[in-house]
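Each residue of the sequence shown is one higher than the last, beginning at 103 in my numbering. Don't be surprised by glycine CBs; every beta carbon is placed ideally from N, CA and C. All remarks here apply to the structure that follows.
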Amino acid sequence: MSDGRTRVAELLSDFRTLQYYIAAAPCNPDNMDDYYTEGLAALRQCAIDGQFILNCAADVTVPRTSGGPNEQAKAELKQVLLDAYARRHEGQKIYLRQSAAQRWIEYRDQILMGGRPHVGNQAQLQACDQQLRVELANITDEIIYSELQTSDMTMGRWIAEDPSLRAVQRWVRSRR
């Protein structure tokens, strides 16, 4: 059980770090004419999603086991592990989406060079928007789960009891 508690602490620490980065990202444009652009809308959604996952109540309902206090403690730890793992997973997804939107802002600023959108840069801005859409579409649960698992293994973390991707997805769906 010690490994499980350590694992939960690692996951919550990762989640806390992700929340810090999510909360620190700017959501408002320098020019309010840009407020409804794709990248800034994505950034605002990331801030909303980050706050939501932070405020989500932990699921403390654990089915009763028939194996006594030790088995019950293991079941409770498994539930806490799922909660922490799913929060980190969602935090990572939000962080990656936020990073894509921040890159979009940088690319857009390079195109505009301090100016405003006009017919001469419209094709470049559309390409920038399309690149953002592609990046966001490539941020999938499967990729995030795999990358986090690989990272955990590389760091030598104990992952034997980690929840499956399906369990994580069920956890997320149950909170929407």
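Rounded to the nearest whole angstrom, the CA to CA distance from Glu208 to Gly216 is 12 Å. Straight through space, the alpha carbons of Leu145 and Gly193 are spaced by roughly 14 Å.
Secondary structure at Arg275: helix, using DSSP grouped into helix, strand and coil. In the structure shown, Ser168 falls within a coil segment according to DSSP collapsed to helix, strand and coil.
By the CB criterion at 7 Å, Asp231 and Glu140 fall inside the cutoff. Annotation: Tyr197 to Phe117 spans about 10 Å, alpha carbon to alpha carbon. Taken through DSSP and simplified to helix, strand or coil, Trp260 comes out as coil. In the three-state scheme derived from DSSP, where H, G and I count as helix and E and B as strand, Thr242 is classed as coil. In the three-state DSSP reduction, Thr139 falls in the coil class, being neither helix nor strand. Judged by DSSP in its simplified three-state form, Thr119 adopts helix.
DSSP, read as helix, strand or coil, puts His220 in coil.
Buried is the label assigned to Tyr247, since at least 16 other Cβ atoms lie within 10 Å of its Cβ.
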